[in-house]
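Following: one structure in C-alpha cells, then a few remarks.
Number of protein chains: 2
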Amino acid sequence: MQNPTAAMLVIGDEILSGRTRDANMHHLANELTAVGIDLKEVRVVSDDPNAITGSVRELSDRYDNVFTSGGIGPTHDDITADCVAKAFGAHIDIRNDARELLQAHYDRNGQELNEARLRMARIPDGALLIDNPVSTAPGFTIKNVHVMAGVPKVFTAMVASVLATLTTGQPLLSRSLHVIRGEGDIAGPLGVFAEKFGDLSVGSYPFQKDGVYGANLVLRGQDAVRLDAAMTELTAIFEE
Amino acid sequence: MQNPTAAMLVIGDEILSGRTRDANMHHLANELTAVGIDLKEVRVVSDDPNAITGSVRELSDRYDNVFTSGGIGPTHDDITADCVAKAFGAHIDIRNDARELLQAHYDRNGQELNEARLRMARIPDGALLIDNPVSTAPGFTIKNVHVMAGVPKVFTAMVASVLATLTTGQPLLSRSLHVIRGEGDIAGPLGVFAEKFGDLSVGSYPFQKDGVYGANLVLRGQDAVRLDAAMTELTAIFEE
Numbered sequence: 001m002q003n004p005t006a007a008m009l010v011i012g013d014e015i016l017s018g019r020t021r022d023a024n025m026h027h028l029a030n031e032l033t034a035v036g037i038d039l040k041e042v043r044v045v046s047d048d049p050n051a052i053t054g055s056v057r058e059l060s061d062r063y064d065n066v067f068t069s070g071g072i073g074p075t076h077d078d079i080t081a082d083c084v085a086k087a088f089g090a091h092i093d094i095r096n097d098a099r100e101l102l103q104a105h106y107d108r109n110g111q112e113l114n115e116a117r118l119r120m121a122r123i124p125d126g127a128l129l130i131d132n133p134v135s136t137a138p139g140f141t142i143k144n145v146h147v148m149a150g151v152p153k154v155f156t157a158m159v160a161s162v163l164a165t166l167t168t169g170q171p172l173l174s175r176s177l178h179v180i181r182g183e184g185d186i187a188g189p190l191g192v193f194a195e196k197f198g199d200l201s202v203g204s205y206p207f208q209k210d211g212v213y214g215a216n217l218v219l220r221g222q223d224a225v226r227l228d229a230a231m232t233e234l235t236a237i238f239e240e
Numbered sequence: 001m002q003n004p005t006a007a008m009l010v011i012g013d014e015i016l017s018g019r020t021r022d023a024n025m026h027h028l029a030n031e032l033t034a035v036g037i038d039l040k041e042v043r044v045v046s047d048d049p050n051a052i053t054g055s056v057r058e059l060s061d062r063y064d065n066v067f068t069s070g071g072i073g074p075t076h077d078d079i080t081a082d083c084v085a086k087a088f089g090a091h092i093d094i095r096n097d098a099r100e101l102l103q104a105h106y107d108r109n110g111q112e113l114n115e116a117r118l119r120m121a122r123i124p125d126g127a128l129l130i131d132n133p134v135s136t137a138p139g140f141t142i143k144n145v146h147v148m149a150g151v152p153k154v155f156t157a158m159v160a161s162v163l164a165t166l167t168t169g170q171p172l173l174s175r176s177l178h179v180i181r182g183e184g185d186i187a188g189p190l191g192v193f194a195e196k197f198g199d200l201s202v203g204s205y206p207f208q209k210d211g212v213y214g215a216n217l218v219l220r221g222q223d224a225v226r227l228d229a230a231m232t233e234l235t236a237i238f239e240e
C-alpha cells in the first residue's frame, strides 16, 4: 500500500522578502511524517492571484492532499479564500455558518463584527469548515485542499483538526547514525549499502562544524524490524 | 524598470520529512531583497529525478534566475547535477577544471580523490563553475540556473559568489509599524490607505502573543522619500 501524498502551499510576500522565517512548513512536515502521509512538495508563492490559483490547481491535481498556509485574515491582502474558490470555479460569499461562529465570538468579546471581520466568513459553496479553537475564524476544505491560517499557533491547531479527518498511511520510521568522517570517505561503502537495502531510503546529510566534517546517515522505511537489521549492518560498516 | 525575478529550488527529502529545518531559503530571500532581485517562488522537492528535472525546466522558463540548494555532494543520493544537465539536454561528465580544483584540495589535506569525491567534478558542458571557498567542491551556473550546495555555510558562500555576477535591481526598502490592535479593527482604514498608496506594497502580518492580538504593518517600495511620506500618514492613522 502506497501512503497518501501531500503538498503544501505557503502564501506570503513576507516569507519571500525574508522578513519572516516560515515556521509552518517544518511543523506540517513533522506531523505528516508521523501519520504516514508523504509530503512531496512545498511551494511558497507571493500574494498574487494568478500564482495562488495556478499553484492550487496544479498541486490539487498532482497530490492526494494540499495544505495552504496564510492569507485568510480580514485585511485587503488576504486573498487566499477567493483565489482557491476561483481555482475550482466555486462560488464564494459570506456564508451563514461561518458568520454565526464569528458573531458569537465577537459578541463574547464585546467587539463589533465589522465589514473587515466579515471577510473571514467568505467561504466557497460546498466547502467544509476547519475548526479554529484559537481565534474562531475558520479555515475550510474544498475538494482535497485544506485552507488554513498563517499565524503559527492557529495553523498548528487547524492542522490537528484536519489530520483527524484524513486517510493516513504507514508512518515513516527512521534511524540515524552520526558519523564523524567526510562524505567523500563514506560515499563508496554507503552506495553499496544503499543498493543492498534498496527497499529503504538511505540518505546522507553532511555537516561541517568547527572545522570537523561529518554526516548524518538516515535510514527510512515502514518496517521497524527491517530498519533495525539495516542499522546494525550500517553501524558495523562505519564503526571506527 | 522592473527588477529581475528569481525562484529557488530546494532539493532534499530531509526537509520534506521534517528531519531538518531549511535555513537557506531565509538567507537567500534576505540577500535577494537587499540587491533588488525579486524572489517570486520557492519550491521544495524530494530527491526524485523527475521532480527535480521538471521543476528546473519550469522555473528556468518562468524567472530570470533560479537558485538551487542541495544534492551536489559525493554520495549516491546526490543527483542534482545530473538532473539539471538532463533538464537542459546538456552532456555531463567529470570535467578537468573541477577535477583539478578537487585534486589540489585533497592533496593539500593528504586525502585521496577517490571515485566518490570525483562525482563532485561532474559538471555539465558549458556551465560556469561557482567558487566554494569553504570546501572547494564547486557549484555551477548553466543558463540561468545556479546550482549550489545545501550545507548552509557553503550555500551562503556560493550565494555571495553568484550575486557578485548578476544583474541586480533597485533594492526593495521597507518600513514597518507595530500595532497592538486586532487586524479586524485595522483592516478598514488600512484598506483605504493601501488604495491611496497603490504604488507601494502594503502588508499586514498578524501576530498573537500572550493573548494580545496585533499586526505588523509593512510598507515596501523602491523610493525612500515616498515610503517615509506614507509612513507618516500610516502612523497618524493608527496612533492611539
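Same order as they appear, the protein sequences are chains C and Z. Per full-length UniProt numbering, the first sequence starts with residue 1, numbered consecutively. Per full-length UniProt numbering, the second sequence starts with residue 1, numbered consecutively. The beta-carbon is built from N, C-alpha and C at its ideal position, and this holds for glycine as well.
Is Z/Val42 near the ligand FAD, in the sense that its beta carbon is under 7 Å from a heavy atom of that ligand?
With respect to small molecules bound, the structure shown includes none, and the ligand FAD cannot be examined in it.
Residues in its own chain within less than 6 Å of Z/Asn65 by CB, not counting five upstream and five downstream?
Ala6, Asn144
Distance, Cα to Cα, C/Ala160 vs C/Asp22?
18 Å
How about Z/Pro74 and Z/Arg119: do their beta carbons lie closer than 8 Å?
yes
Tell me, please, whether the region 10-17 of chain C touches the region 21-40 of chain Z by the rule of three or more beta-carbon pairs shorter than 8 Å.
yes
Figure out for me which residue from C/Tyr205, C/Asp131, C/Leu128 has the closest Cα to the Cα of C/Ile180.
C/Tyr205
Once the 5 residues before and after Z/Ala98 are set aside, which same chain residues still bring their CB inside 6 Å of it?
Ala121, Ile123, Pro138
Look at Z/Ala90 and Z/Gly126 and say whether their C-beta atoms are less than 8 Å apart.
yes
Proximity below 8 Å, CB of C/Ala188 to CB of Z/Asn114:
Note that residue 188 of chain C is Gly in the sequence shown, not Ala. It is a contact, given that the beta carbons lie within the stated cut-off.
Given a limit of 9 Å on CB to CB distance, which residues of the region 30-53 of chain C reach chain Z?
Asn30, Glu31, Leu32, Thr33, Ala34, Asp38, Leu39, Lys40, Glu41, Val42, Arg43, Val44, Val45, Ser46, Asp47, Asp48, Ala51
Own chain, CB closer than 7 Å to C/Thr53, minus 5 neighbours either side, in chain order:
Cys83, Lys86, Ala87
For C/Asn114, which residues in chain Z fall below 7 Å Cβ to Cβ?
Gly184, Gly188
Since C/Tyr63 meets chain Z, which of its residues come closer than 7 Å, beta carbon to beta carbon?
The premise fails here: C/Tyr63 is roughly 12 Å from chain Z at the closest Cβ pair, so nothing lies under 7 Å.
Z/Ala230 at chain C interface by Cβ criterion, 8 Å:
no
Under a three-way DSSP split, which group does C/Val84 fall into?
helix
Determine the extent of the alpha helix (DSSP H) in which Z/Thr156 is found, giving its start and end residues.
152-163
Name the one or two DSSP bridge partners that C/His146 has.
C/Phe67, C/Thr141
Would you list, in chain order, the members of the region 13-28 of chain C that have their beta-carbon closer than 9 Å to a beta-carbon of chain Z?
Asp13, Glu14, Ile15, Leu16, Ser17, Gly18, Arg19, Thr20, Arg21, Asp22, Ala23, Met25, His26, His27, Leu28
Tell me whether the beta-carbon of C/Ile130 lies closer than 8 Å to the beta-carbon of C/Thr68.
no
Thinking just about the alpha-carbon of each residue, which of C/Leu9, C/Ala194, C/Val192 is nearest to the one in C/Ser46?
C/Leu9
Would you kindly work out how many angstroms separate the C-alpha atoms of C/Ala215 and Z/Gly70, rounded to a whole number?
14 Å
Contact under 8 Å by Cβ, C/Val202 with C/Leu219:
yes
Between the Cα of C/Glu195 and the Cα atoms of Z/Leu28, Z/Asp77, Z/His26, which residue gives the shortest distance?
Z/Asp77
Rounded C-beta distance between C/Ile37 and C/Gly221? I'm assuming under 8 Å.
Not a contact, Cβ separation roughly 16 Å.
Are there 16 or more other CB atoms within 10 angstroms of the CB of C/Thr167, so buried, or fewer, so exposed?
exposed
Beta-carbon spacing of Z/Val162, Z/Val134 below 8 Å:
no
Using a Cβ-Cβ cutoff of less than 6 Å, which residues in the same chain neighbour C/Arg175 once the five nearest sequence positions on both sides are dropped?
Leu219, Leu227, Met231
Of the residues Z/Thr80, Z/Leu234, Z/Gln2, the one placed nearest Z/Gly150, counting alpha carbons only
Z/Thr80
Report buried or exposed for Z/Gly184, applying the criterion of at least 16 other Cβ atoms within 10 angstroms of its Cβ.
buried
Rank Z/Ala224, Z/Gly182, Z/Gly198, Z/Ile94 by C-alpha distance to the C-alpha of Z/Pro171 and give the top, closest one.
Z/Ala224
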